[in-house]
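Each residue of the sequence shown is one higher than the one before, counting from 29 in my numbering.
No residue lacks a Cβ here, since even glycine has one placed at the ideal position from N, Cα and C.
As the structure is a prediction and not an experimental result, all values here were calculated from the model.
Working notes, beginning with the structure itself.
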Amino acid sequence: MFRRLSKGINFLFGKKLQREKIFITNSLEFLERKRNIDKNYFDYIRIATLELISFEINKKNLRGNVAELGVYKGKFARYINLYFKERNLYLFDTFEGFDKRDVNKEINEGFSSGSQDFTNTSVASVLRIMPFPEKCIPVQGFFPESAKNINERFVFISIDADLYEPVYEGLKFFYKNLVNGGYIFVHDFNNDHYKGARKAVERFCGEENICFTPIPDAAGTVVITK
Ligand SMILES: C[S@@+](CC[C@H](N)C(=O)[O-])C[C@H]1O[C@@H](n2cnc3c(N)ncnc32)[C@H](O)[C@@H]1O
29 MFRRLSKGIN FLFGKKLQRE KIFITNSLEF LERKRNIDKN YFDYIRIATL ELISFEINKK
89 NLRGNVAELG VYKGKFARYI NLYFKERNLY LFDTFEGFDK RDVNKEINEG FSSGSQDFTN
149 TSVASVLRIM PFPEKCIPVQ GFFPESAKNI NERFVFISID ADLYEPVYEG LKFFYKNLVN
209 GGYIFVHDFN NDHYKGARKA VERFCGEENI CFTPIPDAAG TVVITK
């Protein structure tokens, strides 16, 4: 019944929905295992890809931690924490918004205005929304300086720092510490409001001869594997 309804909505309103960048579609029709997907997170592709990847990593019993660089209020990090509940989750952020060193580069290179405000958050408020806060390790400060004393291996990292410098530095730091079989998400690769993210991925992957897969989630994430 819902399938028919969805097809009807697409038939009647599909063009309008596409203009609003909304797509109603079926997904994983023939997969039988139960998946835990929060219907209130309005970026199905981002969260469903994370869930699929967590399944592969956990099935292989890969050893290592998970991380996010660019946490803000923790809205995506909470799902990393949920899907990798046995692993330590490193949370890298200034928790005070962009740093002016990175913003200067954005403006000089014409990548973005760097004017978005991410200051209204805190470590405490992020930990409050985590399903397993005891597994979370906040690393507050300017990245990459904040990672100087971190000597860990990672199975999954979400890089969502928007700007060229932290994305490039994030790739340098995390790719060398990524285990074989691990994954990195870089948010905003296909986002024309933050052109530095794509530039950073293209530069790093070109230098290291690494391939990547763009996915059609809301902000145009790219997935890198090792
Ligand atoms: C778009 S927000 C992250 C959103 C979050 N991942 C989500 O899905 O809700 C970007 C974050 O990157 C952080 N950030 C950007 N550059 C940084 C740097 N050099 N060091 C630490 N944090 C940085 C900002 O403070 C901001 O909180």
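| said: Need the endpoints of the alpha helix (DSSP H) that Y211 sits in, please. | reply: Where Y211 is concerned, there is no enclosing alpha helix (DSSP H), although the beta strand (DSSP E) it sits in stretches over L206 to V214.
| Does the region 183-196 come close enough to the region 110-130 to have 3 or more Cβ pairs within less than 8 Å? | yes
| message | Taking its Cβ as the centre, do 16 or more other Cβ atoms sit within 10 Å of R226, making it buried, or is it exposed? | response | buried
| said: Quick check on the burial criterion: 16 or more other C-beta atoms within 10 angstroms. Buried or exposed for G209? | reply: exposed
| said: Please identify the residue among E57, Y107 and S186 whose C-alpha is closest to the C-alpha of P161. | reply: Y107
| message | Quick check on C239: buried or exposed, where buried means 16 or more other Cβ atoms within 10 Å of its Cβ? | response | exposed
| said: Under 7 Å: does the beta carbon of F263 sit that close to some heavy atom of ligand 1? | reply: Residue 263 lies beyond the residue range present for the chain, which begins at 29 and ends at 254; the question has no answer from this structure.
| field | Extent of the continuous alpha helix (DSSP H) to which C233 belongs | value | K223 to E236
| message | Let's test the definition: count the other Cβ atoms within 10 Å of the Cβ of S12 and tell me whether it reaches 16, buried, or not, exposed. | response | In the structure as shown, the chain starts at 29 and stops at 254, and residue 12 therefore has no counterpart that could be examined.
| Going by DSSP, what residues sit across from Q291 in a beta bridge? | The question about residue 291 has no answer here: the residues shown for the chain are numbered 29 through 254.
| request: For my contact list, I37 and I52 are in at a C-beta cut-off of 8 Å; report their separation, rounded to the angstrom. | output: 6 Å
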